[in-house]
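Engineer:
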Amino acid sequence: MRTDNAVRHFMKRPNCFVLIGVFAVLATLLASEFLATSSAQRREKSSREALSTTANRGADSSGTATKPVNEEIQRFLSAAPSIFPLSAPLVPQAGPESIDTYLSNCTTAEVRFTTGDTVCVKVTNVSSRSKAIYWVNPDGAVVQRDDLSTNNPATRVVSQAGKWAAYLVGYDNEKRGVADFSVSDPQQPSVDLSV
Numbered sequence: 029m030r031t032d033n034a035v036r037h038f039m040k041r042p043n044c045f046v047l048i049g050v051f052a053v054l055a056t057l058l059a060s061e062f063l064a065t066s067s068a069q070r071r072e073k074s075s076r077e078a079l080s081t082t083a084n085r086g087a088d089s090s091g092t093a094t095k096p097v098n099e100e101i102q103r104f105l106s107a108a109p110s111i112f113p114l115s116a117p118l119v120p121q122a123g124p125e126s127i128d129t130y131l132s133n134c135t136t137a138e139v140r141f142t143t144g145d146t147v148c149v150k151v152t153n154v155s156s157r158s159k160a161i162y163w164v165n166p167d168g169a170v171v172q173r174d175d176l177s178t179n180n181p182a183t184r185v186v187s188q189a190g191k192w193a194a195y196l197v198g199y200d201n202e203k204r205g206v207a208d209f210s211v212s213d214p215q216q217p218s219v220d221l222s223v
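With the working numbering applied, the sequence shown corresponds to residues 29 to 223, in that order.
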């Protein structure tokens, strides 16, 4: 009788259903890992058997067959896919994507240039969602487009004084990052006075 009352009391608490649900989900995930691993091992075993029968056909005249050289390594590698999903969160992630301007050597950071200089633009931690670098002149027109898949870093000789920008553009033509830089003309000094 006493156990009957304890069971009824346990079933009345709503937390017990949550605990049972969590336990069921964990049991299902654990079972699916073992089933995936065992089916992968079966496939590996059948492919190994197919290789050994092929090796038996190619045996030398004394009748000895060649054995796989690295069975232990093959066994470890066949188990690796089942281990990888558990260790995926432990892989270090790249930092945020950024675009910056450099001198023509592409190593010295700079934001002020003169006409005739070569400006280098580099993208660090390139995302798969970024596709190109757009060079925008002081008039707001895109004067050069460099694909990221083929050209990182990208360079351009600037010939117009003013405020330039290099945009990092994604596949939906959205601006993902910007590097502003200024170009001055030493032959045409300009002064901005305000009173």
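Every residue, glycine too, gets a C-beta built ideally from N, C-alpha and C.
Expressed to the nearest angstrom, what Euclidean distance is found between the alpha-carbon atoms of K191 and L131?
Structural biologist: 16 Å
Engineer: Which residue comes first and which comes last in the beta strand (DSSP E) that contains D213?
Structural biologist: First-last for D213: undefined, no H or E at that position.
Engineer: Check whether the Cβ atoms of E138 and L196 lie closer than 9 Å to each other.
Structural biologist: no
Engineer: For S158, tell me which candidate among G144, V147, Q215, R173 has the shortest Cα-Cα distance.
Structural biologist: R173
Engineer: Does the distance from the C-beta atom of C134 to that of T56 stay below 9 Å?
Structural biologist: no
Engineer: Report yes if the CB atom of S212 is closer than 9 Å to the CB atom of T143, and no otherwise.
Structural biologist: yes
Engineer: When we look at the beta-carbon of F51 and count the other beta-carbons within 10 Å, is it buried (16 or more) or exposed?
Structural biologist: exposed
Engineer: Please report the residue range of the beta strand (DSSP E) in which T8 lies.
Structural biologist: Any answer about residue 8 is impossible in this case: the structure gives the chain only from 29 up to 223.
Engineer: Report the rounded CA-to-CA distance for P166 versus D145, giving the unit in angstroms.
Structural biologist: Approximately 16 Å, taken between the alpha carbons.
Engineer: Using alpha carbons as the reference points, say which of F141, V186, R204, V147 lies closest to S155.
Structural biologist: R204
Engineer: Start and end of the beta strand (DSSP E) containing G198?
Structural biologist: 190–198
Engineer: Tell me which same chain residues have a C-beta within less than 7 Å of the C-beta of P214, skipping the five on either side of it?
Structural biologist: T142
Engineer: Got a sec, what are the start and stop residues for the beta strand (DSSP E) D174 sits in?
Structural biologist: 170–175
Engineer: Closest to L176 by CA distance: which of S187, A189, V164, G198 is it?
Structural biologist: G198
Engineer: Thinking C-beta only, is V206 closer than 9 Å to V147?
Structural biologist: Cβ distance not < 9 Å, so V147 and V206 don't count as in contact.
Engineer: Taking just the CA atoms, how far does N201 sit from S210?
Structural biologist: 24 Å
Engineer: Which residues in the same chain have their Cβ closer than 7 Å to the Cβ of Q181, if we skip the five residues on either side of it in sequence?
Structural biologist: Position check: residue 181 holds Pro in this sequence, whereas Gln was assumed. Cβ neighbours of P181 beyond the five flanking positions: C134, C148, V149, K150.
Engineer: Given that a residue counts as buried once 16 or more other Cβ atoms are within 10 Å of its Cβ, and exposed if not, what is A169?
Structural biologist: exposed
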